[in-house]
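In what follows, a single structure is set out as structure tokens and then discussed.
Protein chains: 2
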Amino acid sequence: MEKQPADSVGIVKTQYFTFAEAPNEFILERGGRLGPVTLAYETYGTLNKDKSNAILVCHALTGSAHAAGYFTDDDIKGPKKNTGWWDLMIGPGKAMDTNKYFIICVNVIGSCYGSTGPNSINPATGKLYGMSFPEVTIPDMVKTQKILLDYLGINRLVTVIGGSMGGMQALEWALQFPDIPKSVIIIAASAALSAQEIALDAVGRNAIKMDAEWKDGNYAPGTKLKGLAVARMVGHISYLSEEGMEKKFGRRLEDPAFASRVGEFEKSFDNYFAVEGYLAHQGKKFVDRFDANSYMYITKAMDYFDVDLKYGGGSLTKAMKRVKAEVLMVSFSSDWLFSPETAKEMVQALTLNNKDVSYIEIESIHGHDAFLLEKKTVAENKILGQAFKNFLANIK
Amino acid sequence: MEKQPADSVGIVKTQYFTFAEAPNEFILERGGRLGPVTLAYETYGTLNKDKSNAILVCHALTGSAHAAGYFTDDDIKGPKKNTGWWDLMIGPGKAMDTNKYFIICVNVIGSCYGSTGPNSINPATGKLYGMSFPEVTIPDMVKTQKILLDYLGINRLVTVIGGSMGGMQALEWALQFPDIPKSVIIIAASAALSAQEIALDAVGRNAIKMDAEWKDGNYAPGTKLKGLAVARMVGHISYLSEEGMEKKFGRRLEDPAFASRVGEFEKSFDNYFAVEGYLAHQGKKFVDRFDANSYMYITKAMDYFDVDLKYGGGSLTKAMKRVKAEVLMVSFSSDWLFSPETAKEMVQALTLNNKDVSYIEIESIHGHDAFLLEKKTVAENKILGQAFKNFLANIK
């Protein structure tokens, strides 16, 4: 047994919960039906006797239920590739202190990390759903999480927290189930995507659809779709700020030797500049870990998300009237995907309704990526962790 | 014969000039060799006796030599789809007055509108060049234009003018042949692409390369590549401003009937939002008129463009020392591809060298597209045309 870091939740195991078994079905917001539905989830810490110490962590577009800890001893001593995606924030003594809180993270439906999605077997046909999977929405994701909480006997949450699509889920929680979360923490998110954001998602989906290997979604499991790599490249441009990209790559060459090897045509048309090599690398890595159809469904769910329309008849201010939770809103100065302006609009709509809202804009050149745990974002995450601690300590 | 508008240059004919015929070759900046080289070009107005009234107009990424006038009578009475791309600016009494100036526009090498490019026959093999075409650069484009001017007996230009990649050529003229243009007009351009701009180009090229129909560039002529459509979609996002997209599309649905037809899965996964329909339309239109390999070569030429490195050993200020032409620099307030900041850096570098430079930042929500002739950009083009007139009237 390897020695675990003292502030780690240690070895964890993903759990599975299944509902809507035949003859029942789960009815989705856009009219589809699904059954049975399985949710992959993880928990850290201990649920207290009156079940009042639970925190729900919501993941972003390509995340999983594995938010903290390790799966095996190898993860601890080895390259730690299976460390939870928010391990820095969740553990004994950390911002989300597992000595105090019971933390739950659920893989969203439509994803490919254990919850029911297009990659699952359709019991009616015995085959993969593929593109016959029904459309899912952010409200659907939240509804399934509520069903899991009911199963766990939890009817009150200290907070719901998440970044990017996780932040959308946190907001949706405060609107769909206003009496359950005492607070929500919304990081680098939006109440509805702008035309530009929808356009970026649409380019990604088109890149997948035009890949001959995609075959209308009926590709063999494990097929590595180049179209998904292109989609991820587009994504990465939107996750970084122009300033951050300039600082990290500028016009640096992928291989300085290229400069003296003009004429080596193929190579230079591949990745001449470092930024091209970076995108290619990110694309390749992503194809190894994510599913193209899940990418289609989940980006579409983000596009559909429209709090103004669903809860306010077109008015964000009217929509926010429903909120009962205390809100902590966080944005990053150079995030052009979900910009500080977007966050401020939500803060303003909450304020106009006399809601309990705090807002912090964290200075960063790392754009939307600033909320991720990376070497470059240590400073942002330090502030973020402290903001969580302060906020959680003061929830009424 | 249809009646022509009084301020039109009327029916025009594209001309062709061929040089570097065997045994000669044109040696390219990055080491490739090409011969013969054909240039498609058009001229409007009359060259005066001392050949001192010539203006060179340079086109952008996907432009052609057809900058003004019509090809047939049908263009005049009909939908005018063959009207020159800068017809509003070029003609009798217009900003570039053909009663006064002799105006030349040349299709860049590497393009697919008549000049030698990957779509041309390689005389050595009798087959299309495809991706065996040598790499071209902006300095190469300018050098071929100089060879054409020599053939026409023109050794002094009133101005070289262009937007986007056309502006890069105008700048390159002032640097490579400082004694030829008396002035240059650089619109919505840059002295070197940023990492973000290279990244956007790289996504486009990757989308083409991953299209199974591309076949390493050996597709049959006329093949409509979906990858090229995806590349164009990415381009369009960068040509519009976020504000402009929001105003034009917002979250409007492509077909309002979609809203009441949830469950019609295929349709909604196609183009649910209006902005998706717009991108798809632009992609399709583009594939009908442009060549995928030319797109690869010309975007790469833009990526390679680096005035700082080529002429200043890494310093833009040092590079600008060579300039002798009067410079008019133009940018658009919401252009995030070639932003006002980029233009101001060039203006500053020129100013530090005591060069004769004027700068105008035109207020617009239409982003990089503001310099194009479209219904939405009437206001911008009015200012632009007036700026050209004023500038041209005062050239020493």
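Here the protein sequences come in this chain order: S and G.
Take 1 as the starting number for the first sequence in this note's numbering and just add one per residue.
Take 1001 as the starting number for the second sequence in this note's numbering and just add one per residue.
The beta carbon of each residue, even a glycine, is placed where N, CA and C say it ideally should be.
Could you tell me which chain S residues have their CB closer than 9 Å to the CB of residue i, listed as they occur along the chain?
i	result
K1437/G	Look at the range of chain G in this structure, 1001 to 1396, and you will see that residue 1437/G is not part of it.
F1290/G	By Cβ distance, chain S contributes nothing, its closest Cβ being about 17 Å from F1290/G, past 9 Å.
So residue i and residue j are supposed to be a Cβ contact under 8 Å. How far apart are they, rounded?
i	j	result
I104/S	L56/S	5 Å
P178/S	K355/S	The Cβ separation is near 11 Å, so there is no contact.
M1016/G	V1106/G	Position check: residue 1016/G holds Tyr in this sequence, whereas Met was assumed. About 11 Å; that fails the 8 Å criterion.
F1332/G	K300/S	In fact, because the Cβ distance is near 33 Å, the residues do not count as touching under 8 Å.
T317/S	N353/S	7 Å
F1371/G	I1185/G	Contact doesn't hold; Cβ gap of about 11 Å is too wide.
T18/S	T38/S	5 Å
G1035/G	A1020/G	4 Å
D1369/G	L1240/G	6 Å
L171/S	A189/S	7 Å
A1060/G	G1166/G	5 Å
A229/S	G277/S	A229/S to G277/S, Cβ: 13 Å. No contact.
S1183/G	I1395/G	5 Å
Please list the terminal residues of the continuous beta strand (DSSP E) segment that includes residue i.
i	result
V347/S	No beta strand (DSSP E) holds V347/S; the alpha helix (DSSP H) holding it covers P340 to L352.
Q15/S	Q15 to F19
F102/S	F102 to V106
M329/S	E326 to F332
T1043/G	V1037 to Y1044
Y359/S	V357 to I362
Applying a beta-carbon distance threshold of less than 7 Å, which residues of chain G neighbour residue i?
i	result
V234/S	V1203 and V1234
G93/S	Chain G residues near G93/S: none, gap ~39 Å exceeds 7 Å.
F26/S	In chain order: nothing, as chain G lies at least about 15 Å away.
E374/S	In chain order: nothing, as chain G lies at least about 17 Å away.
F371/S	Going along chain G, no residue has its Cβ under 7 Å from F371/S, so there is no contact; the nearest lies around 20 Å.
Could you spell out the range, first to last residue, of the alpha helix (DSSP H) harbouring residue i?
i	result
E29/S	Per DSSP, E29/S belongs to no alpha helix (DSSP H) and is neither H nor E.
Y1272/G	Here Y1272/G belongs to no alpha helix (DSSP H), and DSSP marks it neither H nor E.
A1212/G	No alpha helix (DSSP H) contains A1212/G, which DSSP labels as neither H nor E.
Y1239/G	K1226 to Y1239
A292/S	A292 to Y304
Q386/S	V378 to A393
K310/S	V307 to G312
T223/S	It is not in any alpha helix (DSSP H) - T223/S carries neither H nor E in the DSSP assignment.
L316/S	L316 to M320
E1243/G	E1242 to K1248
What in chain G is Cβ-close to residue i, meaning under 8 Å?
i	result
E428/S	Given a span of 1 to 396 for chain S in the structure shown, any question on residue 428/S remains unanswerable.
E276/S	I1198, A1199 and A1202
L279/S	A1199, A1202, V1203 and N1206
F177/S	Per Cβ cutoff of 8 Å: no residues; F177/S is ~23 Å from chain G at best.
List, in chain order, every chain S residue whose beta-carbon is nearer than 8 Å to that of residue i.
i	result
I1237/G	Q196, A199, L200 and V203
F1084/G	The amino acid at residue 1084/G is misidentified as Phe; the sequence shows Gly. Within chain S, no residue comes near G1084/G; the closest Cβ sits about 30 Å away, beyond 8 Å.
V1230/G	V203, N206, A207, M210 and V230
G1117/G	Within 8 Å Cβ-Cβ: nothing; G1117/G doesn't reach chain S, min ~15 Å.
F1273/G	A195, I198, A202 and D303
Can you name the residues of chain S whose CB is closer than 7 Å to the CB of residue i?
i	result
K1396/G	Under the 7 Å cutoff, chain S gives no residues; its nearest Cβ is about 35 Å from K1396/G.
V1057/G	Simply none; closest approach about 28 Å.
E1242/G	S194 and Q196
K952/G	No statement about residue 952/G is possible, as the shown extent of chain G runs from 1001 to 1396 and does not include it.
S1226/G	Reading the sequence as shown, one finds Lys at residue 1226/G and not Ser. Neighbours of K1226/G on chain S, chain order: M210.
F1249/G	A195
| said: By the 7 Å beta-carbon criterion, what residues does the segment 191-221 of chain S contribute toward chain G? | reply: A192, S194, A195, Q196, I198, A199, L200, A202, V203, N206, A207, M210, D211 and A212
| query | In chain order, which alpha helix (DSSP H) runs of at least 4 residues are fully inside the segment 118-190 of chain S? | reply | 138-152 and 165-176
| Which of the residues in the segment 1126-1150 of chain G, read from start to end, lie with their CB under 7 Å from any CB of chain S? | E1135
| Quick one, which residues of the segment 337-348 of chain S are near chain G if we go by CB-CB under 7 Å, in chain order? | none
| message | If the cut-off is 9 Å on Cβ atoms, which residues from the segment 301-312 of chain S count as contacting chain G, listed in chain order? | response | D303, Y304, D306, D308 and L309
| task | Jot down the residue ranges of each uninterrupted alpha helix (DSSP H) in the segment 54-102 of chain S, minimum 4 residues, whole runs only, in chain order. | result | 73-77
| request: Give, in chain order, every residue of the segment 1157-1175 of chain G whose Cβ lies closer than 7 Å to some Cβ of chain S. | output: none
| Contact set between the segment 322-338 of chain S and chain G, restricted to residues whose Cβ is under 9 Å from the partner | W336
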